[in-house]
Amino acid sequence: MSQTMTTQHRGFRSLKARFTLRWSFWAQTAFITLLALALFGPIANLLIWTIAETWYFPHTLPNQWGLKYWQQVFNPYSDVSGSLMTSIIIALCAVVVCLLVSIPAGYALSKHTMPWRVGFMLLFLIPQAFPNLTVYINIARIFYDWGLNGTLLGVVLVHSVHGLMYSVWISVAAFSSIDPMLSRASRNLGAGPIYTFIHVVLPQAAPGLIAASIFVFLESLDEFTGTFFVGAPEVTTLPLLLYTASMEGNYQISSITALILLIPSIGFMLIINKFMRPEMLSKLGK
Amino acid sequence: MRASTSNLLLIGPAALMVVALFLYPLFFSLVSAFTQDDLSFTLDHFVKVFELYSNDIKFTIIIVLSSVVLLAILSIGIAATLTLSPFPKLVAVLALLYRLPLFIPFIVAAQMMRTFLAKNGLMNNTLVAMGVMTPFETISLLGWSGIIITFVWKQLAFSTLLISGAMAALNRDQIQAAQNLGASRLRILVDVILPQVMPTIGVALVLSTVTIMSVLSVPLMIGTGSPTMITADIAFRVNSYGDYPVANALGMVSYLICAGLAWFYLRQSLKDKGALS
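Those protein sequence lines, which keep their order, are chains A and B. Here the first sequence stands for residues 1 to 286, where the numbers follow full-length UniProt numbering. Here the second sequence stands for residues 1 to 277, where the numbers follow full-length UniProt numbering.
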């Protein structure tokens, strides 16, 4: 008698467990669907605006579709082509500046015996740990005295400081992970320190340095606030052009510019996605 | 040459860049906020800030706090689903999905939201097409709610990445043990996982606050006039009046908002360790 009671009870429990499992499956599916709608909705709206010629209230979709604005944008004399070039030149220069100062710094900081190592690591973190808007307006004021306001060099410097945290921290991680035996072997075989560094150490750290360059490039390409104060109106990068077009209500041009900015971001994300597992991120800086 | 000297030479250029192009302007802003033209100490700029912008300061604090709370709820929810969900396929989809905005620039996010949340945006149009509302009931979400939505939309990927990373680094045995003892998933989350990842949640939220207080494009493009965020006020003060002292005093207020959150987090984490009673 009591035996059957228990079996029945168990049967009821497993039924309940299955019901809970199914319920949580549908709840999670619904959550993910809502999230997908919230994430893709704004992107879809952007894409529609890039191919809308006219679209006004109360039409659900554009009244007239077309590629008219794309032709305008890719006209060689348009503002967009010019700012795209400016943006790329600035980003490449920022990468060069960051690598030039981060490779030696990263190499030195990768030795754990270095005095004040933690202090220096924190120093490079500071530009990301403070709200940097206030700093930018003062940089603009200082640059004005130095004659750097509105010049490419000024904008490159601002972008480099912003990217320095990524390049230094990633370089430190890259140089820390190389095999010290190889460079010792090279020195034993009679190679000089500089030869060893260029031919043995640097190639091993190359993947990390490439990742660092990608981060600096993207940060520079997307930077708005610093350029707004230091560069404008003489230097117009893509984000500044996007902002101006959007404030003028020219949503087609600003959406196409936004799409141009999105392509490298998404592309690099797919590349970096391979290296950037969340569990790896928790080890950064150790 | 001694090893430490050569190390200093190697770090020198990078350190000098941060000092000259970040710490020096930071110091400059401190001096400018607290002194008059002849460098004598004054609090006049702060008096002016509170006269003109006390509404905007309140508005900014409300936006920061609501964004941080929403971010915490959503990113803990997503990270917990990733860690505890018994359905591997859903987890794979979610893991790809939540990272989407990670590398989307703020200015692009702002432009997307400027069109998406508008009165004639895709969101309202979809609701109208579904018959939820008529075209004349639609409202524009541009303004404070739009600013919060944009910040949460963009920053969610970053905070979830950090928090789910911390959850993935936890010892699985404890979760397994709790499961074997019959604990529900919600109970495991609250009693086993959350206490251990609290430090990471704190870091993610403090860094998000710093980001929110640094981004100028979102309040400029999504905000509507008054009240607005103090970041927009700073830009206005500089661009329209060239009034650096008041802009810098406003900047100090933005530091204080971040410092306040960081302080709250540090106090909380010290309390948990029993250092404070």
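Think of the CB as a built atom: it goes at the ideal place given N, C-alpha and C, for glycine as much as any other residue. Quick caveat, the model's predicted, so the values are computed rather than measured.
- Taking 9 Å as the CB threshold, alanine 15/B lines the interface with chain A.
- Interface residue (Cβ-Cβ distance to chain B less than 9 Å): lysine 111/A is classified as such.
- Inter-residue distance for aspartate 191/B and glycine 77/B is about 15 Å (C-alpha atoms, whole angstroms).
- Rounded to the nearest angstrom, the gap between the Cα atoms of glycine 12/B and alanine 105/A is 8 Å.
- Among the residues of chain B, none has a CB under 9 Å from the CB of isoleucine 194/A; the nearest is roughly 12 Å distant.
- Taking a Cβ-Cβ cut-off of 9 Å, valine 49/B has no neighbours in chain A, whose nearest Cβ is about 13 Å from it.
- Linking alanine 262/B to serine 269/B through their CA atoms gives a straight-line distance of about 11 Å.
- By DSSP's assignment, tryptophan 65/A forms a beta bridge with Ala52/A.
- Considered as a whole, the stretch 75 to 155 of chain B harbours 88 to 98, 106 to 116, 122 to 129 as its complete alpha helix (DSSP H) runs of no fewer than 4 residues, in chain order.
- Under the three-state reduction of DSSP output, phenylalanine 224/A falls in the coil class, being neither helix nor strand.
- An exposed status is given to valine 31/B, since fewer than 16 other beta-carbon atoms sit within 10 Å of its beta-carbon.
- For aspartate 233/B, the enclosing alpha helix (DSSP H) starts and ends at 230 to 236.
- Here threonine 160/B carries a helix assignment [DSSP, helix/strand/coil].
- Here the C-alpha atom of serine 214/B lies approximately 15 Å from the C-alpha atom of leucine 65/B.
- Interface annotation for the stretch 165 to 186 of chain B against chain A: Gly165, Ala166, Ala168, Ala169, criterion Cβ-Cβ distance under 7 Å.
- Within the stretch 207 to 225 of chain B, the residues whose Cβ lies closer than 9 Å to any Cβ of chain A are, in chain order, Leu207, Thr209, Val210, Thr211, Ile212, Met213, Ser214, Val215, Leu216, Ser217, Leu220, Met221.
- Contacts with chain A (Cβ-Cβ distance below 9 Å) from the stretch 245 to 256 of chain B involve Ala247, Asn248, Leu250, Gly251, Met252, Ser254, Tyr255, listed in chain order.
- Of all residues in the stretch 98 to 115 of chain B, those with a C-beta nearer than 9 Å to a C-beta of chain A are Tyr98, Arg99, Leu100, Pro101, Leu102, Phe103, Ile104, Pro105, Phe106, Ile107, Val108, Ala109, Ala110, Gln111, Met112, Met113, Arg114, Thr115, reading in chain order.
- Per DSSP, the unbroken alpha helix (DSSP H) holding methionine 121/A starts and ends at 117 to 129.
- Distance between leucine 9/B and threonine 113/A, taken at the CA atoms: about 16 Å.
- Look at phenylalanine 27/B here: in three-state DSSP terms it is helix.
- Rounded to whole angstroms, the separation of the alpha carbons of threonine 160/B and arginine 99/B is 8 Å.
- By the neighbour-count definition (other C-beta atoms within 10 Å, threshold 16), phenylalanine 50/B is an exposed residue.
- Residues of the stretch 58 to 89 of chain B whose Cβ lies closer than 8 Å to any Cβ of chain A, in chain order: Gly77, Ile78, Thr81, Ser85, Pro86, Phe87.
- A distance below 9 Å separates the beta carbons of phenylalanine 130/A and valine 210/B.
- In chain order, Gln252, Ile253, Ile256 place their CB closer than 7 Å to the CB of tyrosine 69/A, counting only its own chain and leaving out the 5 sequence neighbours on each side.
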